[in-house]
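Undergrad:
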Amino acid sequence: MSNFELVPGTPGLTLDDVAHIIVPGGGRRRDGDVLSAASLDRVHLAGSVYSRQRLDRRAGRIVCSGYKTPADSRGARWSPADAPTEFFSGIPEADLMRQVLVSLGMRADSIRVERHSVDTVTNFARAEAEGHFGDDRPVAIVSHGAHLGRIIDVVAPRTLRRAFLGVAVPESGTRTPDGMVPRLMSRAILRGIDPGAPDIVARTHQRAVRVWQVVNATLRVFPVHTRYQD
Numbered sequence: 001m002s003n004f005e006l007v008p009g010t011p012g013l014t015l016d017d018v019a020h021i022i023v024p025g026g027g028r029r030r031d032g033d034v035l036s037a038a039s040l041d042r043v044h045l046a047g048s049v050y051s052r053q054r055l056d057r058r059a060g061r062i063v064c065s066g067y068k069t070p071a072d073s074r075g076a077r078w079s080p081a082d083a084p085t086e087f088f089s090g091i092p093e094a095d096l097m098r099q100v101l102v103s104l105g106m107r108a109d110s111i112r113v114e115r116h117s118v119d120t121v122t123n124f125a126r127a128e129a130e131g132h133f134g135d136d137r138p139v140a141i142v143s144h145g146a147h148l149g150r151i152i153d154v155v156a157p158r159t160l161r162r163a164f165l166g167v168a169v170p171e172s173g174t175r176t177p178d179g180m181v182p183r184l185m186s187r188a189i190l191r192g193i194d195p196g197a198p199d200i201v202a203r204t205h206q207r208a209v210r211v212w213q214v215v216n217a218t219l220r221v222f223p224v225h226t227r228y229q230d
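Going by the working numbering, the letters in the sequence shown line up with residues 1 to 230, in that order.
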């Protein structure tokens with residue numbers, strides 16, 4: 001039996017039922033070419049879950065999801081080898097996470113990169129709607145506990161078309177915050193949108209960018225010292 005800290009999602013689902021893993025990005029640092037500590041913790045745990053649950057035997061995938069938040073302007077112009085006509089500011093979180101997983105010995109063909117999402121809602125909307133899982137089998141969501149609370153309660157039921165549960169990243173030192181503001185942001189982005197909506201990617205992306213513009217403008221006037229997760 002695993003000693004992973006699980007967060008219940010779909011009733012009755014167990015970790016042994018899971019085929020895939022999704023890791024939402026937790027930020028970048030330096031010049032947009034290094035993962036934040038939170039992102040590193042997530043991707044290392046995702047690799048551990050994949051290995052210990054032997055998901056390779058089930059042709060399972062790890063979906064690394066995230067570009068950067070609209071508040072992140074770090075990085076020089078960068079283009080991925082598999083999409084040379086696309087350009088990004090720095091290296092997307094998803095590509096950085098894939099680099100870590102490959103360095104840990106994971107097969108590259110077990111990893112999928114979703115590099116265009118800009119917040120938690122769009123992480124999941126794009127991963128599902130764009131077919132990154134490859135089938136409809138259950139998924140484990142790997143993130144920090146507070147973040148998972150919002151994902152399980154608000155985001156996953158409105159974006160995923162599959163069963164899901166959470167695997168919580170152990171907190172080291174200061175607890176990774178989430179809070180009421182990100183929860184309200186996610187609810188606003190998802191208002192009136194169902195998982196099967198054909199335009200879910202475009203609608204959630206447009207709303208996420210607008211919501212972040214409002215939040216960033218507000219924080220410039222009323223700065224706070226809490227780092228919200230996207």
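All C-beta atoms, glycine included, are put in the ideal place defined by N, C-alpha and C.
1. Suppose you measure from the CA of G105 to the CA of L45; what does that come to, to the nearest Å?
2. Which one of G12, K68, F87 has the shortest CA to CA distance from A94?
3. What would DSSP say about H132, mapped onto helix, strand or coil?
4. Which residues does DSSP list as the beta-bridge partners of E114?
5. Please tell me whether G26 and R52 are closer than 8 Å, where the distance is taken between their beta carbons.
6. To the nearest angstrom, how far is it from the Cα of P84 to the Cα of R98?
7. Between A140 and L165, which are expected to be in contact by the criterion C-beta below 8 Å, what is the C-beta distance as a whole number of angstroms?
8. Using the rule of at least 16 other Cβ atoms within 10 Å of the residue's Cβ for burial, across every protein chain shown, is T14 buried or exposed?
9. Expressed to the nearest angstrom, what Euclidean distance is found between the alpha-carbon atoms of V155 and V18?
10. So what's G166 in DSSP terms, helix, strand or just coil?
11. To the nearest angstrom, how far is the alpha carbon of R227 from that of V181?
12. Just to confirm, are H144 and E114 a CB contact at a threshold of 8 Å?
13. Do E128 and L160 count as a contact pair if the criterion is CB distance below 8 Å?
14. Please determine, among R220, V211, R30, V215, the residue with the shortest C-alpha to C-alpha distance to T122.
15. Could you name the residues of the same chain whose beta carbon sits closer than 8 Å to that of Y50, not counting the 5 residues immediately before and after it, in chain order?
16. Taking the alpha helix (DSSP H) that L45 falls in, what are its first and last residues?
17. Could you tell me which residues DSSP pairs with L184 in its beta bridges?
TA: Let me lay it out:
1. Within the sequence shown, residue 105 is the residue found at index 105, counting from 1. Within the sequence shown, residue 45 is the residue found at index 45, counting from 1. Separation of G105 and L45 (C-alpha to C-alpha, rounded to the nearest whole angstrom) is 14 Å.
2. As a first step, residue 94 must be located in the sequence shown, where it is residue number 94. Checked all of G12, K68, F87; the closest Cα to A94 is K68.
3. Within the sequence shown, the letter at position 132 stands for residue 132. Correct three-state label for H132: coil.
4. Along the sequence shown, one-based indexing puts residue 114 at 114. The partner list for E114 (beta bridge, DSSP) reads S65.
5. For the purposes of this step, residue 26 is taken as residue 26 along the sequence shown, with counting starting at 1. For the purposes of this step, residue 52 is taken as residue 52 along the sequence shown, with counting starting at 1. No, the Cβ-Cβ distance between G26 and R52 is not below 8 Å.
6. Sequence index remark: in the sequence shown, residue 84 carries index 84 (1-based). Sequence index remark: in the sequence shown, residue 98 carries index 98 (1-based). Spanning the two alpha carbons is a distance of roughly 17 Å.
7. Within the sequence shown, numbered from 1, the residue matching residue 140 stands at position 140. Within the sequence shown, numbered from 1, the residue matching residue 165 stands at position 165. Their Cβ separation, rounded to whole angstroms, is 6 Å, which keeps A140 and L165 in contact under 8 Å.
8. One-based indexing of the sequence shown puts residue 14 at position 14. Label assigned to T14: exposed.
9. Against the sequence shown, residue 155 aligns to sequence position 155. Against the sequence shown, residue 18 aligns to sequence position 18. If I take the Cα positions, the gap works out to 19 Å.
10. In the sequence shown, residue 166 corresponds to position 166, counting from 1. Strand, per DSSP.
11. Indexing the sequence shown from 1 puts residue 227 at position 227. Indexing the sequence shown from 1 puts residue 181 at position 181. Because the pLDDT of R227 is 47, which lies under 50, any placement of that residue in the model is unreliable, and the number read from its coordinates should be weighed accordingly. Distance between the alpha carbons of R227 and V181 is about 11 Å.
12. Working through the sequence shown from its first residue, we reach residue 144 at position 144. Working through the sequence shown from its first residue, we reach residue 114 at position 114. Against a cut-off of 8 Å, the Cβ pair of E114 and H144 comes out as no contact.
13. Sequence index remark: in the sequence shown, residue 160 carries index 160 (1-based). Sequence index remark: in the sequence shown, residue 128 carries index 128 (1-based). Yes, the pair counts as a contact, with Cβ atoms nearer than the cut-off.
14. Locating residue 122 in the sequence shown gives position 122, where the first residue counts as 1. If we check each option's Cα against that of T122, V211 comes out closest.
15. As a working note, residue 50 is residue 50 in the sequence shown. If we look at Y50 and ignore the five residues flanking it on each side, its Cβ neighbours are I21, D56, G60, I62, M106, S110.
16. In the sequence shown, residue 45 corresponds to position 45, counting from 1. Run containing L45: 37–52, per the alpha helix (DSSP H) assignment.
17. Translated into positions along the sequence shown, residue 184 becomes position 184. In the DSSP assignment, L184 is bridged to no other residue.
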